[in-house]
Amino acid sequence: MTAIDASPVTLREPVRITRTARAVQPDPPEHRGRLAAARTQVAARYGVNARHADLAAPQVAGALAAAADLPRSVLEVQLGHRSVRRFLPGPLAPSVLPTLVAAAQSAPTSSNLQLWSVVAVTDPARLARIATLSGEQDHVRDAPLLLVWIADLARVRALAASRSTAVHATGYLETTMTAFLDAALAAQNAVVAAESLGLGTVYLGGVRDDPEALAAELKLPRGTAPVVGLVVGRPDPACPGRVKPRLPQAVVLHHETYDMARQLRSLGAYERRMTAFYRDEGFTGGWIGRVLTRMRGHGSLRGRERLRSALAALGMPSW
3 MTAIDASPVT
13 LREPVRITRT
23 ARAVQPDPPE
33 HRGRLAAART
43 QVAARYGVNA
53 RHADLAAPQV
63 AGALAAAADL
73 PRSVLEVQLG
83 HRSVRRFLPG
93 PLAPSVLPTL
103 VAAAQSAPTS
113 SNLQLWSVVA
123 VTDPARLARI
133 ATLSGEQDHV
143 RDAPLLLVWI
153 ADLARVRALA
163 ASRSTAVHAT
173 GYLETTMTAF
183 LDAALAAQNA
193 VVAAESLGLG
203 TVYLGGVRDD
213 PEALAAELKL
223 PRGTAPVVGL
233 VVGRPDPACP
243 GRVKPRLPQA
253 VVLHHETYDM
263 ARQLRSLGAY
273 ERRMTAFYRD
283 EGFTGGWIGR
293 VLTRMRGHGS
303 LRGRERLRSA
313 LAALGMPSW
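The sequence shown begins at 3 in my numbering and counts up one residue at a time.
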């Protein structure tokens, strides 16, 4: 198996042969052992007995056991990442969503605060409205699944209210940053998980173009804000996407102290590579011009320059 398709990815439980089901064969011992090991791993993630793994995270153990047949290593998945914006029609397997969330919940989280949530969107009408709010991107309208990752302080505030406890720290910038980082780490774990299953992904920063309107669309409570969207689907083999070259390590990696002069000396060759890459994609110019254009301000952020006031309006003042 090399990809998740529209049918559920699960392993069957061992079955008992009866007079009315003579054609049914029990699962081989290696399948039973693989599923048992997967349930143990899922149970450890959620802190439950292995017997309750399927209740804590439905279908995840089956997907995890089946994924053992996939040949790609984690490093291969990470180094082969590419943005995918064209997807095959049809829904994803039911096991995909809980598996991606389980992977997301396995990401590091500051002090185990878990200050994030995720909203899964599959309704075509809602996807179309979100596309309108997020830069009119067709792949959002056509997505079988959009995950909107949320910085979530509402949960801890609700818990505090239930115990008549003050949580003034939820109003500080440090806590907002923690929630955003938690959500971003969770989302990236989901990306690696999705691509390890043969699915394609692309991030959607446009959820921050008009965060108040998106919050209203998703009925987000005060104290929450959209961080990033993640489109997930089965890649269209006719439009697979390309691995986009990254900066040389000599630019981003510093030893002991930061070295601006060294990194600038290494940019010339990268600029030539990216100019050629963009030309092949039908665009003009190189990487440096695109970065400077995006950072010039005066509308280049498509509304995101007012994020601080938007966060305050959403109940995240970030003092």
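No residue lacks a Cβ here, since even glycine has one placed at the ideal position from N, Cα and C.
Validate contact between the segment 236 to 243 and the segment 71 to 90 using beta carbons, cut 8 Å, 3 pairs: yes
Euclidean distance between Cα positions of S198 and T178: Here residue 198 is taken as the residue at index 196 of the sequence shown, counted from 1. Here residue 178 is taken as the residue at index 176 of the sequence shown, counted from 1. Cα-Cα distance, rounded: 31 Å.
W321, buried or exposed, once every other Cβ within 10 Å from all chains shown has been counted against 16: Numbered from its first residue, the sequence shown carries residue 321 at position 319. When all chains shown are included, W321 counts as exposed.
T203 (DSSP reduced to helix, strand or coil): In the sequence shown, counting from the first residue as 1, residue 203 sits at position 201. T203: strand per DSSP, three-state reduction.
Start and end residues, beta strand (DSSP E) containing G235: In the sequence shown, the residue the question calls residue 235 occupies position 233. Its beta strand (DSSP E) spans residues T226 to G235.
Limits of the unbroken alpha helix (DSSP H) element including S311: Start at 1 with the first residue of the sequence shown, and residue 311 comes out as number 309. Start and end: L309 to A315.
Residues that DSSP places opposite F182 in a beta bridge: Sequence index remark: in the sequence shown, residue 182 carries index 180 (1-based). Answer is none; F182 lacks a bridge partner.
Proximity winner among L148, G64, L249 and V158, relative to R236 (alpha-carbon distances): Along the sequence shown, one-based indexing puts residue 236 at 234. For R236, the nearest C-alpha among the options comes from L148.
Length of the line joining the Cα atoms of R24 and L66: Walking along the sequence shown from the start, residue 24 turns up at place 22. Walking along the sequence shown from the start, residue 66 turns up at place 64. Any reading at R24 must be qualified, since the residue scores a pLDDT of 42, below 50, and its modelled position is unreliable; the value itself is stated next. The alpha-carbon atoms of R24 and L66 are separated by roughly 29 Å.
Residue nearest to N191 in terms of C-alpha spacing, selected from A263, R267 and A106: Mapped onto the sequence shown, residue 191 falls at position 189. It is A106 whose Cα lies nearest to the Cα of N191.
From G225, L129, F89 and A195, residue whose alpha carbon lies closest to that of E219: Counted from its first residue, the sequence shown places residue 219 at position 217. It is L129.
Per-residue DSSP class, three states only, for L303: In the sequence shown, residue 303 corresponds to position 301, counting from 1. Of the three classes helix, strand and coil, the one that applies to L303 here is coil, per DSSP.
One or two residues paired with I152 in a DSSP bridge: Here residue 152 refers to the residue found at position 150 of the sequence shown. Note: I152 sits in a beta bridge opposite S119 and P228.
Nearest-angstrom Cα separation, counted from P146 out to P91: Translated into the one-based positions of the sequence shown, residue 91 becomes position 89. Translated into the one-based positions of the sequence shown, residue 146 becomes position 144. So the two alpha carbons sit approximately 7 Å from each other.
For S85, the three-state DSSP class (helix, strand or coil): For the purposes of this step, residue 85 is identified with residue 83 of the sequence shown, where counting begins at 1. In this structure, S85 counts as strand in the three-state DSSP scheme.
Closest by C-alpha distance to A195, when choosing among V62, L216, R308 and T111: Numbered from its first residue, the sequence shown carries residue 195 at position 193. Checking every option, the nearest Cα to that of A195 belongs to V62.
F279: first and last residue of the uninterrupted alpha helix (DSSP H) it sits in: Here the question's residue 279 lines up with position 277 in the sequence shown. Note, F279: alpha helix (DSSP H), L269 to D282.
L94 - DSSP class collapsed to helix/strand/coil: For the purposes of this step, residue 94 is identified with residue 92 of the sequence shown, where counting begins at 1. Note: L94 maps to coil in three-state DSSP.
Straight-line gap, A156 to R165 (C-alpha atoms, nearest Å): Residue numbering aside, residue 156 sits at position 154 when the sequence shown is read from its first letter. Residue numbering aside, residue 165 sits at position 163 when the sequence shown is read from its first letter. The straight-line gap from Cα to Cα measures roughly 14 Å.
Burial state of M318 (16 or more Cβ within 10 Å): Position 316 of the sequence shown holds residue 318. Classification of M318: buried, given that the 10 Å Cβ count is 16 or more.
Opposing strand residues paired with A99 [DSSP bridges]: Position 97 of the sequence shown, counted from the first residue, corresponds to residue 99. In the sequence under discussion, the amino acid at residue 99 is Leu, which differs from the Ala named in the question. Per DSSP, none; premise fails for L99.
P1 classed as buried or exposed, judged by whether at least 16 other C-beta atoms fall within 10 angstroms: With the chain covering only 3 through 321, there is no way to say anything about residue 1.
Exposure label - V293; buried when at least 16 CB within 10 Å: Counting from one through the sequence shown, the residue named residue 293 turns up at place 291. Label assigned to V293: exposed.
Minimum C-alpha distance to L206 - residue among Y174, V229, K221 and A215: Numbered from its first residue, the sequence shown carries residue 206 at position 204. It is V229 whose Cα lies nearest to the Cα of L206.
Alpha-carbon spacing of V26 relative to A68, whole angstroms: Along the sequence shown, one-based indexing puts residue 26 at 24. Along the sequence shown, one-based indexing puts residue 68 at 66. With a pLDDT of only 46 at V26, under the threshold of 50, the placement of this residue in the model should not be trusted; the figure read from the coordinates follows. Distance between the alpha carbons of V26 and A68: 20 Å.
Among I152, A171 and M276, nearest to R159 - alpha-carbon criterion: Taking the sequence shown and counting its residues from 1, one reaches residue 159 at position 157. Residue A171 is the option with its Cα nearest to R159.
Through-space distance from D56 to I290, alpha-carbon basis: Start at 1 with the first residue of the sequence shown, and residue 290 comes out as number 288. Start at 1 with the first residue of the sequence shown, and residue 56 comes out as number 54. Taking the straight line from one Cα to the other gives about 49 Å.
Straight-line Cα distance separating Q251 from W118: For this step, residue 118 is matched to residue 116 along the sequence shown. For this step, residue 251 is matched to residue 249 along the sequence shown. Taking the straight line joining both Cα atoms gives about 31 Å.
Pairwise C-alpha distance: A227 and L313: Here the question's residue 313 lines up with position 311 in the sequence shown. Here the question's residue 227 lines up with position 225 in the sequence shown. Those two C-alpha atoms are separated by around 7 Å.
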